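What follows is a set of notes on a single structure, which appears directly below.
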Amino acid sequence: MNNKNYFVYGDGQQKRSFTYIDDLVPYIIKAGTLGKFNGEIFNIGPDDAVTINQLSGKILNIFFGEKIPDNLKPVFLPDRPKEVKIAYCSNKKAISTLHYKTNTSLDEGLKLMIEWARELGPQKFHYLKNLELENESTPKTWKKLSE
Numbered sequence: 001m002n003n004k005n006y007f008v009y010g011d012g013q014q015k016r017s018f019t020y021i022d023d024l025v026p027y028i029i030k031a032g033t034l035g036k037f038n039g040e041i042f043n044i045g046p047d048d049a050v051t052i053n054q055l056s057g058k059i060l061n062i063f064f065g066e067k068i069p070d071n072l073k074p075v076f077l078p079d080r081p082k083e084v085k086i087a088y089c090s091n092k093k094a095i096s097t098l099h100y101k102t103n104t105s106l107d108e109g110l111k112l113m114i115e116w117a118r119e120l121g122p123q124k125f126h127y128l129k130n131l132e133l134e135n136e137s138t139p140k141t142w143k144k145l146s147e
């Protein structure tokens, strides 16, 4: 939206699973209010994963269709220290106990999020000024290097 490149840590082959907020909140409420799940841990989310590069491509396609500007390419940065390459959950417990069901596909969730972002309009980026655990491993893009 700001016509700028974006950052991808590592090679973009990291795999993650993404949950649309409307698919998450009802199950958090259910788990927290029924009383019988005190102290229980649930993984709530779809059981499929995509690479960060795939996610990036989907977002660009939704924003721009076939006319993706040439200048909007990812800037690949070094891996974040000790980042897990493949991270997504098993939702079997949430399905069996909370009757979890993914209702919003990744593509549909991205479309809804992008529609919301367009309504909101471009926002100024706020650098993390007071990192709790800042050290030499802190990614450079998490803080503003100069004013």
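The sequence shown begins at 1 in UniProt numbering and counts up one residue at a time. Beta carbons are placed, not taken as given, at the ideal position from N, Cα and C, and that holds for glycine. Since the structure is predicted, the reported quantities are computational estimates derived from the model, not experimental observations.
In terms of residue numbering, what span does the beta strand (DSSP E) encompassing residue i cover?
i, result
"Pro74", "Pro74 to Leu77"
Looking only at DSSP bridge pairs, what is residue i linked to?
i, result
"Tyr9", "Leu77"
"Lys15", "Thr51 and Ile86"
Which two residues bound the contiguous alpha helix (DSSP H) that contains residue i?
i, result
"Asn61", "Ile52 to Phe64"
"Pro26", "Ile21 to Thr33"
"Ile95", "Lys92 to Leu98"
"Lys111", "Leu106 to Leu120"
Ordered along the chain, which non-local residues of its own chain (more than five positions away) have a Cβ less than 8 Å from that of residue i?
i, result
"Ile86", "Gln14, Lys15 and Ala49"
If you drop the 5 nearest sequence neighbours on each side, which residues of the same chain put their C-beta closer than 6 Å to that of residue i?
i, result
"Tyr20", "Thr104 and Gly109"
"Ser137", "Pro81"
"Arg64", "What sits at residue 64 in the sequence shown is Phe, not Arg. Hits under 6 Å: none found."
"Ile62", "Leu110, Lys111 and Ile114"
Excluding sequence positions up to five away, which residues of its chain have a Cβ less than 7 Å from the Cβ of residue i?
i, result
"Tyr100", "Tyr27, Ile44, Asn91 and Ala94"
Find the nearest neighbour of residue i within the set the options, judged by alpha-carbon distance.
i, options, result
"Ser56", "Asn3, Gly12 and Ser96", "Gly12"
"Phe36", "Glu136, Glu115, Leu98 and Asn135", "First, the residue type needs correcting, since residue 36 is Lys and not Phe in the sequence shown. Cα-wise, what sits closest to Lys36 is Leu98."
"residue 162", "Thr51, Met113 and Glu66", "Because the chain is modelled from 1 through 147, residue 162 falls outside the range shown and cannot be assessed."
"Ile114", "Asn5, Lys58, Asn135 and Phe7", "Lys58"
"Leu60", "Pro139, His126 and Tyr6", "Tyr6"
"Asp107", "Asn2, Asn3 and Gln54", "Gln54"
"Leu77", "Asn3, Lys4, Asn2 and Tyr9", "Tyr9"
"Leu112", "Lys124, Ser17, Asp22 and Ala31", "Asp22"
"Ser96", "Ala31, Val25 and Ser17", "Ala31"
"Ile68", "Asn3, His126 and Phe18", "Asn3"
Sufficient close CB pairs (3 or more, under 8 Å) joining the region 89-96 to the region 43-58: Short answer: they touch.
Segment contact flag, the region 107-124 with the region 67-79, C-beta cutoff 8 Å, min 3 pairs: Because the criterion of three Cβ pairs below 8 Å is not met, the region 107-124 and the region 67-79 do not touch.
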